[in-house]
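Take a look at the structure below.
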Amino acid sequence: MCINSFFFRFLGTLGILRHHFQHDLWRDQLTTAFYTHPDCKLHDMGPGHPESPARLQAIEDQLIASRIDQLLDHRTAPLALEDDLARVHSTAMIARVREHSLALAGTAGIYPLDPDTSVNAHSWQAALRAAGAALAATDAVIAGDIDNAFCAVRPPGHHATAHTPMGFCLFNNVALAARHALEVHGLERVAIVDFDVHHGNGTEQIFAHDPRVLMVSFFQHPFYPFSGTEPEGSHALNIPVSAYSDGSVVRQLVTEQWLPALEAHRPQMIFVSAGFDAHREDDMAQMGLVEADYTWLTRQIMQVAAQHAQGRIVSCLEGGYNLSALGRSVVAHMKVLADLE
232 MCINSFFFRF LGTLGILRHH FQHDLWRDQL TTAFYTHPDC KLHDMGPGHP
282 ESPARLQAIE DQLIASRIDQ LLDHRTAPLA LEDDLARVHS TAMIARVREH
332 SLALAGTAGI YPLDPDTSVN AHSWQAALRA AGAALAATDA VIAGDIDNAF
382 CAVRPPGHHA TAHTPMGFCL FNNVALAARH ALEVHGLERV AIVDFDVHHG
432 NGTEQIFAHD PRVLMVSFFQ HPFYPFSGTE PEGSHALNIP VSAYSDGSVV
482 RQLVTEQWLP ALEAHRPQMI FVSAGFDAHR EDDMAQMGLV EADYTWLTRQ
532 IMQVAAQHAQ GRIVSCLEGG YNLSALGRSV VAHMKVLADL E
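Take any residue in the sequence shown, note its place counting from 1, add 231, and you have its number in our numbering.
So, in structure tokens, the structure goes:
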């Protein structure tokens with residue numbers, strides 16, 4: 232081999248190594264996506280309502296304060312299509328939310344859909360962004376563009392049933408994403424992990440008779456929506472927890488019940504209804520979790536995903552109403568997702 236030929240082959244090898252090194256750095260930095268949109272802050276259910284636009288600002292502020300903001304892949308939530316919503320929700324429900332919201336255009340009024348849940352002129356757009364974030368995150372994770380994602384969106388979703396918005400929720404973002412993974416991408420099994428302090432009655436109702444979907448949850452009981460003690464189908468593992476239970480109680484129950492069920496189901500993707508209102512500083516409920524418990528919970532989810540789901544996780548914001556505790560808890564959750572903890 233002549234010297235010139237060897238030299239050029241050597242340069243080519245260096246170029247390939249440099250490309251792979253840069254690619255690995257890029258993947259390390261962009262593995263966890265953060266989906267949100269300003270429209271989600273425009274949905275407002277009135278003065279004093281706990282599910283307020285300030286929740287998203289508190290999360291964003293804490294991400295910056297914790298210095299992990301720049302380590303995330305920030306992505307803009309697209310608008311979901313009505314056809315996307317129709318995979319889970321009835322046309323009558325979709326029309327009800329759309330028509331009551333758009334009828335308020337140009338006004339500061341709100342329209343109550345139930346005693347807890349209202350729409351304003353921007354709610355339709357915000358709800359499409361919230362659902363769109365969950366769907367886009369699912370597409371990106373399955374494509375291998377990112378490893379996992381957190382959707383900082385509102386309105387939340389896990390109380391919304393196939394036919395009824397309720398409990399601060401308009402459309403069920405996690406249910407939409409899970410069904411999208413099954414029906415659009417052809418996955419065979421998924422799991423939904425719900426650690427909000429309230430039972431995710433909407434999610435359970437939607438998937439009650441779908442063996443492809445395992446839902447595991449714990450929630451304070453008795454408490455709104457006063458359901459979950461008798462599962463609607465055989466594919467939900469609900470753990471009612473007494474008020475004032477702390478993280479040690481939850482960890483034991485998760486270890487003894489959740490994890491074996493998840494192992495048996497072998498999900499190909501995991502969706503998380505990430506509510507942080509079981510925090511001890513959250514006056515919405517009476518449970519005693521702290522940031523370290525959300526760190527631990529997320530690690531357990533990550534381990535199951537690594538073993539069975541190629542690490543694929545999409546997490547969507549649900550509850551959490553003490554702004555400081557919410558921001559800190561989301562940071563704890565995201566540090567584990569991004570492998571920073």
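Cβ atoms here follow ideal geometry from the backbone N, Cα and C, with glycine treated the same way. In this text the structure is predicted, and so the values were computed from the model without any measurement.
Output needed for residue i: all residues of its chain with C-beta closer than 8 Å, excluding positions within five of it in sequence on either side, in chain order.
| i | result |
| --- | --- |
| Pro343 | Ser349 |
| Ala492 | Leu445, Val447, Leu468 |
Run through DSSP, which three-state label would residue i get?
| i | result |
| --- | --- |
| Gly433 | helix |
| Thr348 | coil |
| Pro278 | coil |
| Gly558 | helix |
| Leu571 | coil |
| Met565 | helix |
| Ala492 | helix |
| Pro343 | strand |
Under the rule that 16 or more other beta-carbon atoms within 10 Å means buried, what is residue i, buried or exposed?
| i | result |
| --- | --- |
| Asp275 | buried |
| Leu256 | Only weak support exists for where Leu256 lies, its pLDDT of 43 falling under 50; the coordinates are left without a value. |
| Pro269 | exposed |
| Thr486 | exposed |
| Leu548 | buried |
| Ser465 | exposed |
| Asp314 | exposed |
| Ile532 | buried |
| Gln253 | Only weak support is given to the placement of Gln253: the predicted model assigns it a pLDDT of 38, under 50, and the question is left unresolved by the model. |
Which first and last residues belong to the alpha helix (DSSP H) in which residue i is found?
| i | result |
| --- | --- |
| Met324 | 322-333 |
| Thr529 | 522-539 |
| Leu316 | 313-316 |
Go through its chain and collect everything with a Cβ distance to residue i's Cβ below 7 Å, but skip five positions before and after it.
| i | result |
| --- | --- |
| Thr202 | The requested residue 202 is not part of the displayed model; the chain covers only 232 to 572. |
| Glu522 | Arg559, Ser560, Ala563 |
| Phe457 | none |
| Ala540 | Pro498, Gln499, Met500, Ile501 |
| Ser297 | Val562 |
| Glu418 | Looking at the sequence shown, residue 418 is not Glu but Leu. Counting only Cβ-Cβ distances below 7 Å, and skipping sequence neighbours, we find Ala412, Gln499, Met500. |
| Thr307 | His268 |
Could you check where the beta strand (DSSP E) with residue i kicks off and where it finishes?
| i | result |
| --- | --- |
| Ala364 | No beta strand (DSSP E) contains Ala364, which is instead part of the alpha helix (DSSP H) from 354-374. |
| Asn404 | That residue, Asn404, is in no beta strand (DSSP E); its alpha helix (DSSP H) goes 404-414. |
| Arg497 | It is not in any beta strand (DSSP E) - Arg497 carries neither H nor E in the DSSP assignment. |
| Leu548 | 544-548 |
| Cys573 | The structure shown does not extend to residue 573, since the chain is modelled only from 232 through 572, so no value can be given for it. |
| Ala264 | 263-267 |
Considering only heavy atoms of the ligand SAM, does any lie closer than 7 Å to the CB of residue i?
| i | result |
| --- | --- |
| Gly363 | Questions concerning the ligand SAM fall outside what the structure shown contains, since it holds no ligand whatsoever. |
Can you find the residues in the same chain that come closer than 6 Å, C-beta to C-beta, to residue i, ignoring five residues on each side of it along the sequence?
| i | result |
| --- | --- |
| Ala317 | none |
| Ala371 | Ile377 |
| Asp345 | Met397 |
| Phe507 | Gly551, Leu557, Ser560 |
| Tyr525 | Ser560, Ala563, His564 |
| Arg258 | Because the pLDDT of Arg258 is 44, which lies under 50, any placement of that residue in the model is unreliable, and the number read from its coordinates should be weighed accordingly. For Arg258, where only same-chain residues beyond five positions count, there are no Cβ hits under 6 Å. |
| Asp477 | Gly519 |
Please specify which runs of the alpha helix (DSSP H), each continuous and at least 4 residues long, are wholly inside the segment 416-485, giving them in chain order. 432-438, 478-484
Quick one: complete beta strand (DSSP E) runs, 3+ long, within the segment 280-307? 304-307
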